[in-house]
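Note sheet for the following structure.
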Amino acid sequence: LNFGVDTGLIFLLAYAASKTWDFYVINWGYPYYSFATIFFSVMFVYYTLFEALTCRTPGKWLSISKVIRENGKKPGLLQVLIRSAVRLTIIDIFFLPFLDRTLHDYLSRTDVVEA
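When we follow the numbering used here, the leftmost residue of the sequence shown carries the number 63, and every step to the right adds one.
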């Protein structure tokens, strides 16, 4: 549920940003950025802001879960930045069978638990 809701919202935000940016590219000569560049930029900012400020994203609110450190406290900004950056890699999800959690949780030393 977390992944589906958050990815859907990120896609909508990135699509709106891409179309807005395309207007400026066409009419004002701004540099062109591909949709993928905008999507991954929005994704990084989305997860960083939500998890740094509230430990939750809209997807986590719906599934009643939150991000915590391994010691049970709120994650620090560096941990949130690591989580957001590692999410951008394509190999993140493939560590689930080996580590029993995703790579972004393992490297940032965080976990997602019920709120």
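Beta carbons are placed, not taken as given, at the ideal position from N, Cα and C, and that holds for glycine.
Rank the options by C-alpha distance to the C-alpha of residue i and give the top, closest one.
{"i": "E113", "options": "S127, L75 and L169", "result": "S127"}
{"i": "V67", "options": "W90, Y109, F85 and T82", "result": "Y109"}
{"i": "A147", "options": "V175, Y77, P159 and D167", "result": "D167"}
{"i": "L111", "options": "G138, S96, W90 and N133", "result": "G138"}
{"i": "T69", "options": "L143, I152, A177 and P120", "result": "P120"}
{"i": "G134", "options": "R145, L115 and E176", "result": "E176"}
Going by the beta-carbon positions, is the gap between residue i and residue j smaller than 7 Å?
{"i": "K122", "j": "N64", "result": "yes"}
{"i": "Y94", "j": "V87", "result": "yes"}
{"i": "V129", "j": "T172", "result": "yes"}
{"i": "L179", "j": "F157", "result": "Any answer about residue 179 is impossible in this case: the structure gives the chain only from 63 up to 177."}
{"i": "A76", "j": "F101", "result": "yes"}
{"i": "S80", "j": "F97", "result": "yes"}
Can you tell me whether residue i is buried or exposed, with buried defined as 16 or more other CB within 10 angstroms of its CB?
{"i": "T99", "result": "exposed"}
{"i": "R149", "result": "buried"}
{"i": "R118", "result": "buried"}
{"i": "D162", "result": "exposed"}
{"i": "I72", "result": "buried"}
{"i": "V142", "result": "buried"}
Going by DSSP, which residues form a beta bridge with residue i?
{"i": "D173", "result": "I130"}
Quick check for students: name the residue ranges of the alpha helix (DSSP H) that lie wholly in the segment 84-159, counting only runs of 4 or more. 97-116, 120-124 and 139-149
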